[in-house]
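Take our numbering: the last position of the sequence shown gets the number 398, and nothing is skipped along the way. Heads up, the thing below is written out as structure tokens.
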Amino acid sequence: MIQLDFWRYIIDQKIKDLLNEKKENKPKYRINLSHNNFAEMFDFPVLPESLEVKKTGRGASFDIIGLGEVNVIHSRQLAEVSFEGVFPAIPAHYLTIDSQHWKEPSYYVSTINRWQESRRPSRLLVHTEGYKFSIAVSIEQFDRREVAGSGGDIEFKLTLKEYRFHLTRKAVVVQKEGEEAVAKQDKQPRPDERVPPATYTLKKGDSLWSVARTQLKDEQRYKEIMKLNSIRADQLRKLPIGMVLKLPITPEGRKTGAT
């Protein structure tokens with residue numbers, strides 16, 4: 140619980156810093172995409188003319204730097220965010236970021252592709268004069284093409300879908316003397332957006348059971364670790380400190396664990 144509280148604080152602080160940053164080298168208006176709990180991030184170099192958030196239910200529209208509207212929906216259904224833009228081949232005069240932060244189009248294309256293939260959520264942050272929001276998203280579609288005669292500019296269309304974390308809650312039975320027992324759910328902790336590691340290095344006092352419990356959240360999965368690392372039953376109590384264990388793959392296709 141201490142670790143979850145720590146990461147909840149870190150995520151909240153990162154979002155607060157991104158939304159309220161007042162440094163001169165940061166744009167007043169920005170659309171930021173980040174990944175792996177803000178370990179990687181970038182601002183889109185040119186703000187789109189419009190940004191649309193589709194969701195059934197009631198909503199409201201907000202002006203985005205006089206270039207278009209952002210439609211923000213206030214229901215609990217998953218939103219779909221889409222916008223079109225350009226990655227300039229040179230740090231042109233129309234950049235909405237400081238020119239020293241400009242990167243070549245290939246950087247943005249390869250980064251978005253890599254994040255999409257990771258099968259882990261990213262985070263979208265929109266900061267305008269009148270409105271700010273930040274949501275976890277999956278990268279659903281990323282279409283791009285080189286603009287003829289532009290010297291290498293890349294036009295793109297990006298579609299993101301709101302990502303909702305699914306965490307198991309423990310049921311706690313509460314019973315007062317003389318009253319009927321009632322099952323209550325623990326408070327759901329804030330999800331960890333970090334990309335889980337593929338390996339774990341054994342430390343003093345570790346066992347496959349403890350590794351399965353801390354890294355896979357289920358000590359019964361120690362047999363999967365045994366099989367993956369070709370560990371025999373008679374070796375379980377003789378595992379050396381510093382041994383690097385491969386961790387099993389989850390149904391989503393990623394390694395499971397926590398740093």
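All C-beta atoms in this analysis are idealised placements derived from N, C-alpha and C, irrespective of residue type, glycine included.
Using a Cβ distance threshold of 9 Å, Glu279 and Glu223 do not count as a contacting pair. Relative to the Cα of Phe226, the nearest Cα in the group Leu186, Arg258, Gln216 and Gln255 belongs to Leu186. Counting along the chain, Thr338 sits inside the beta strand (DSSP E) bounded by residues Thr338 to Thr340. In this structure Val276 is not in contact with Thr340, their Cβ atoms being roughly 32 Å apart against a cut-off of 8 Å. Partner residues in the beta bridge of Ala275, as assigned by DSSP, are Arg262.
For the pair Glu191 and Val220, the CB atoms are nearer than the 9 Å cut-off. Per DSSP, reduced to three states, the secondary structure at Met382 is coil, with no helix or strand assignment.
When the beta-carbon positions are compared, Ala372 and Glu363 stay at least 9 Å from each other. Rounded to the nearest whole angstrom, the CA to CA distance from Val286 to Ser173 is 26 Å. Taking Ser369 as the centre and dropping the five residues before and after it, the same chain places no C-beta closer than 8 Å to its C-beta.
Distance check between Phe281 and each of Lys300, Glu243, Ile274 and Thr267 places Lys300 closest, using alpha-carbon atoms only. Secondary structure note for Thr353: its alpha helix (DSSP H) is the uninterrupted segment Leu347 to Leu355.
Note on geometry: alpha-carbon atoms of Gln239 and Pro230 lie some 8 Å from one another.
Excluding residues up to 5 positions away in sequence, Ala228 lie with their Cβ nearer than 6 Å to the Cβ of Gly291 in the same chain. Unbroken beta strand (DSSP E) stretches of 3 residues or longer found wholly inside the region 282–308: 293–301, given in chain order. Distances from the alpha-carbon of Pro184 to those of Arg169, Ile274 and Ser289 put Arg169 closest.
Nearest neighbour of Leu375 by Cα position, chosen from Tyr361, Gly381 and Gln354, turns out to be Tyr361. Less than 9 Å divides the Cβ of Phe177 from the Cβ of Arg262. Under the three-state reduction of DSSP output, Leu234 falls in the coil class, being neither helix nor strand. Residue range Glu191 to Lys193 is occupied by the beta strand (DSSP E) that includes Val192. In the DSSP annotation of this structure, the continuous segment of the beta strand (DSSP E) that includes Ile170 starts and ends at Arg169 to His174.
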